[in-house]
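J.:
2 protein chains.
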Amino acid sequence: MTDPTMASCPVPAAETERILLGHGSGGRLMAELLHDVVGAELGGDVTAEDAAIVDLGSAEAVVSTDSFVVTPRFFPGGDIGSLAVHGTVNDLAMRGARPVALSLAYIVEEGLPLAELRAVTASVARAAAAAGVRVVTGDTKVVGRGAADGLYVTTTGLGLRPPGAAPSAVRGRPGDAVLLSGPIGLHGTAILSARERLGFEAEIASDSRPLHALVAAMIEVGGERVHALRDPTRGGLASALNELAESSAVGVELDEESIPVPPPVAAACALLGLDPVHVANEGCLVALVAPEAADAVLAAMRARPDGAGAVRIGQATAGHPGRVQMRTLLGSARVVDMLVGEQLPRIC
Amino acid sequence: MTDPTMASCPVPAAETERILLGHGSGGRLMAELLHDVVGAELGGDVTAEDAAIVDLGSAEAVVSTDSFVVTPRFFPGGDIGSLAVHGTVNDLAMRGARPVALSLAYIVEEGLPLAELRAVTASVARAAAAAGVRVVTGDTKVVGRGAADGLYVTTTGLGLRPPGAAPSAVRGRPGDAVLLSGPIGLHGTAILSARERLGFEAEIASDSRPLHALVAAMIEVGGERVHALRDPTRGGLASALNELAESSAVGVELDEESIPVPPPVAAACALLGLDPVHVANEGCLVALVAPEAADAVLAAMRARPDGAGAVRIGQATAGHPGRVQMRTLLGSARVVDMLVGEQLPRIC
Chain A
1 MTDPTMASCP VPAAETERIL LGHGSGGRLM AELLHDVVGA ELGGDVTAED AAIVDLGSAE
61 AVVSTDSFVV TPRFFPGGDI GSLAVHGTVN DLAMRGARPV ALSLAYIVEE GLPLAELRAV
121 TASVARAAAA AGVRVVTGDT KVVGRGAADG LYVTTTGLGL RPPGAAPSAV RGRPGDAVLL
181 SGPIGLHGTA ILSARERLGF EAEIASDSRP LHALVAAMIE VGGERVHALR DPTRGGLASA
241 LNELAESSAV GVELDEESIP VPPPVAAACA LLGLDPVHVA NEGCLVALVA PEAADAVLAA
301 MRARPDGAGA VRIGQATAGH PGRVQMRTLL GSARVVDMLV GEQLPRIC
Chain B
1 MTDPTMASCP VPAAETERIL LGHGSGGRLM AELLHDVVGA ELGGDVTAED AAIVDLGSAE
61 AVVSTDSFVV TPRFFPGGDI GSLAVHGTVN DLAMRGARPV ALSLAYIVEE GLPLAELRAV
121 TASVARAAAA AGVRVVTGDT KVVGRGAADG LYVTTTGLGL RPPGAAPSAV RGRPGDAVLL
181 SGPIGLHGTA ILSARERLGF EAEIASDSRP LHALVAAMIE VGGERVHALR DPTRGGLASA
241 LNELAESSAV GVELDEESIP VPPPVAAACA LLGLDPVHVA NEGCLVALVA PEAADAVLAA
301 MRARPDGAGA VRIGQATAGH PGRVQMRTLL GSARVVDMLV GEQLPRIC
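In structure tokens:
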């Protein structure tokens, strides 16, 4: 409740007893839903991490799942198929895992052109091959007209984590450098521009891409000193850093001027009234890295095309644990909170 | 094209270029969709088996995924949550695996009562605990009103296969006994009765339950002589046996009188114009077992509550490979084909 707009405009209690669009936002309502409903009913904590470690005896396997409901299904820089591969591969990568196998489940609305399902599936295949992961099993359900919006895709990834790689949302420490692998806001603004025909399509394309090789390069240099990784998808950089700050019980201080926002993204956000730190990304990551390893890890990131734009954007602190603050260009400090509800529905 | 009704009533070519409800049926249209569209685009065969083997080095892991779109979400004998656990646990079991971990992905329509999501999640938790499998990761997406029908659930299971357990759809051999673990038709008729308020709800409940312990008991006795297993879900016993016959290149001959159809299921099917062999099940399995092991495996099945109704219903043959024939009560033989299109939409 650090956002002052919350106090003056609370969500009515009666309204919160039904699922709202905001429950899918990646923001606070969603965190509450996962904690209070899903986590509570399952009796465990399935929400603190992007992917789960499964003890397989000698091998340490990692499992992650994501459903994709993005609209439109085809957008500059990708489509629902490539996104479904990248999103799950990246969730595995955030736990330090190399992707090994993917499952693919479709829920299809009656009436979808077969050509479109074929195109999406081809995109899945291309993205999987490029990421070096096999699609090993799948499922298809069809529902009547009006019972879905075209096509929804659920992928589940199985990965293997090499010894020494242990990034986790809970391992951030005061003093850690906060590294960002590239510019923010491209995916969300690309989707919105395509959806609303805003005319930015020529300038903005989604950053959707697999990040496991970048993570492997970071871990090769930094090992266990790569403490925490997160891909800032729904809810954007702000939500990702708030989740890490909360899980690791550290504060995070950011320098606004160090955060790379491409000019077309800034223009689109200004037009739409969005803050770029809340806009979804699908091809960058944020890392908490021990200070003594930060320069070497940053150099390793910059040596790769998928990390060429990597920058240090701040540091973790012992003060204000669980809170993210930003020093603005004007010299003041502001709290960077998670969104309360839904800003951009069906962005992934 | 062994069904004579096909020749006289083909699906118009123009119609087949769009997704039809029948593409989700578990029947021939779906098989063609998976082969021609999904399999072709992925460049591999992700559809021949219920679950995939993933080489994890020393461990042999099994992965399976399924989306659940059943309506109504609550029905006699279960709900979409328990069904989502049982369905995926059973797909793992059909490959001889013990379930280890489940992922859980929700696509939720705006407006769903939270109480309902809570109830479904509680049911997932109960079913998972009863099956001895952990839900280790999950995802929730919310779409706008009208963009889904309440709640869709996708589960992906990770299982481990012990040495010596190698059931596969391709391992059936001429001479194998065809074993069925219990009565057929309960799930599909329970769903239809609940959906259409047919009044059979007091007599018919879904057979939804996990089958991995039954499979373990079968393999303990029969080992590798348990050649092939299939749970006859969408498309029913007919589709399951056609798939096994085709994958193993054997014929299958069934004795109609040996197939257990509970009287209320027979009555419901007569009322609805359905053939019980095409009706979905969620708590029984069909097995091809080497003849010298069949009696011992059948006895092991009957010794358990989940296999108490097990019977031998026929045998695999070298003749008419890929085709399933049934000797009827009248002494004639008829071809038991897969359904062409959709008989019972959204049954699971």
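Line order of the protein sequences matches chains A and B.
Numbering of the first sequence is given in full-length UniProt numbering, commencing with residue 1 and proceeding in unit increments.
Numbering of the second sequence is given in full-length UniProt numbering, commencing with residue 1 and proceeding in unit increments.
Even glycine gets a Cβ: it sits at the ideal position worked out from N, Cα and C.
In this text the structure is predicted, and so the values were computed from the model without any measurement.
1. Spell out whether any CB of chain B is found under 7 Å from the CB atom of Asp231(A).
2. Can you have a look at Val46(B) and say buried or exposed, based on whether 16 or more other CB atoms are within 10 angstroms of its CB?
3. Would Asn281(A) pass as a contact of Ile184(A) if the rule is Cβ separation under 7 Å?
4. Keeping to the same chain, check which residues put their C-beta closer than 7 Å to that of Val70(A); ignore five residues upstream and five downstream.
5. Might you give, ordered along the chain, the residues of its own chain that have their beta carbon closer than 6 Å to the beta carbon of Ile259(A), omitting 5 neighbours on each side?
6. Take the Cβ of Met162(A) as the centre, count every other Cβ of all protein chains shown within 10 Å, and call the residue buried at 16 or more, exposed below.
7. List the DSSP bridge partners of Met326(A).
8. Counting contacts by CB-CB distance shorter than 7 Å, is Val143(B) in contact with chain A?
9. Where are the alpha helix (DSSP H) runs, 4 residues long or more, that stay fully inside the UniProt domain "PurM-like C-terminal" (173–325) of chain B, in chain order?
10. Could you tell me how far apart the beta carbons of Val136(A) and Ala101(A) are, in whole angstroms, since I believe they sit closer than 8 Å?
11. I'd like to confirm the pairing. Which residues does DSSP put opposite Val66(A) in its beta bridges?
12. In chain B, which residues lie less than 9 Å from Gly78(A) when you measure between Cβ atoms?
13. Would you kindly work out how many angstroms separate the C-alpha atoms of Ser64(B) and His227(B), rounded to a whole number?
14. Kindly give me the distance between the Cβ atoms of Val85(B) and Ala128(B), rounded to whole angstroms, as I take these residues to be in contact under 8 Å.
15. Is it buried or exposed, Ser8(B), if we count other Cβ atoms within 10 angstroms and call 16 or more buried?
16. Would you list the one or two residues that DSSP bridges to Ser103(A)?
17. Can you give the Cα-Cα distance for Ala148(A) and Asp66(A), rounded to whole angstroms?
18. Can you check which of these residues, Leu117(A), Asp255(A), Asp36(A), is closest to Leu330(A) by C-alpha distance?
19. Which term fits Ala294(A), buried or exposed, when burial requires 16 or more other beta carbons within 10 angstroms of its beta carbon?
20. Classify Ala61(A) as buried or exposed, calling it buried when 16 or more other Cβ atoms lie within 10 Å of its own Cβ.
21. Please state if the CB of Val279(A) and the CB of Gly188(A) are separated by a distance shorter than 7 Å.
22. Could you have a look at Gly87(B) and say whether DSSP puts it in helix, strand or coil?
23. Looking at Thr155(B) and Thr233(B), is the spacing between their C-beta atoms short of 7 Å?
24. Does chain B have any CB closer than 7 Å to the CB of His23(A)?
25. Report yes if the C-beta distance between Pro72(B) and Ala194(B) is below 7 Å; otherwise report no.
26. To the nearest angstrom, report how far apart Leu92(B) and Ile107(A) are at their CA atoms.
27. Please go through the same chain and pick out, in chain order, the residues whose beta-carbon is closer than 8 Å to the beta-carbon of Arg209(B), but skip the five residues on each side of it.
28. Sort out for me which residues DSSP pairs Ala128(B) with in a bridge.
29. Considering only residues of the same chain and omitting the five flanking positions on each side of Arg134(A), which have a CB-CB separation below 8 Å?
30. So, are the CB atoms of Val286(B) and Ala217(B) less than 7 Å apart?
T.: If we stick to the structure as given:
1. No, because no Cβ of chain B sits closer than 7 Å to the Cβ of Asp231(A).
2. Confidence in Val46(B) is poor, its pLDDT being 44 and thus under 50, which makes the residue's placement too unreliable to answer from.
3. Here Asn281(A) is near Ile184(A), since their CB atoms are less than 7 Å apart.
4. For Val70(A), the CB contacts under 7 Å within the same chain, skipping 5 residues up- and downstream, are Ile80, Leu83, Ile191, Arg346, Ile347, Cys348 in chain order.
5. Ile313, listed in sequence order.
6. One point to set straight first is that residue 162(A) is Pro, not Met, in the sequence displayed. Exposed, since its Cβ has fewer than 16 Cβ neighbours within 10 Å.
7. Looking at the DSSP assignment, Met326(A) forms a beta bridge with Leu254(A), Arg334(A).
8. Interface residue (Cβ-Cβ distance to chain A less than 7 Å): Val143(B) is classified as such.
9. Taking 4 residues as the shortest admissible run, the UniProt domain "PurM-like C-terminal" (173–325) of chain B contains the following complete alpha helix (DSSP H) segments, listed from N- to C-terminal end: 186–196, 212–222, 236–248, 263–272, 291–302.
10. Indeed they touch by this definition, with Cβ atoms about 4 Å apart.
11. Per the sequence presented here, residue 66(A) reads as Asp, with Val not at that position. According to DSSP, Asp66(A) bridges with Thr155(A).
12. Listed along chain B, no residue sits closer than 9 Å to Gly78(A) by beta-carbon distance, the nearest being about 16 Å off.
13. Here the C-alpha atom of Ser64(B) lies approximately 19 Å from the C-alpha atom of His227(B).
14. With a Cβ gap of about 5 Å, Val85(B) and Ala128(B) count as contacting.
15. Its pLDDT being 36, under 50, Ser8(B) is placed unreliably by the model, and nothing is read from it.
16. DSSP lists Thr137(A), Thr156(A) as partners of Ser103(A).
17. So the alpha carbons of these two residues sit roughly 17 Å apart.
18. Ranking the options by Cα distance to Leu330(A), first place goes to Asp255(A).
19. Buried, because 16 or more other Cβ atoms sit within 10 Å of the Cβ of Ala294(A).
20. Answer is buried; the Cβ neighbour count reaches 16.
21. Cβ distance < 7 Å, so Gly188(A) and Val279(A) count as in contact.
22. In the structure shown, Gly87(B) sits in a helix (DSSP, three-state: H, G or I).
23. Not a contact, by the Cβ cut-off of 7 Å.
24. Closer than 7 Å: yes.
25. For Pro72(B) and Ala194(B), yes; Cβs fall inside 7 Å.
26. Straight-line Cα distance between these residues: approximately 21 Å.
27. Spatial neighbours of Arg209(B) in its own chain (CB-CB distance under 8 Å, excluding positions within 5 residues in sequence) are listed in chain order as His86, Glu282, Gly283, Asp306.
28. In the DSSP assignment, Ala128(B) forms no beta bridge with any residue.
29. In chain order, Val100, Ala101, Leu102, Ala128 place their CB closer than 8 Å to the CB of Arg134(A), counting only its own chain and leaving out the 5 sequence neighbours on each side.
30. No, they are not a contact pair.
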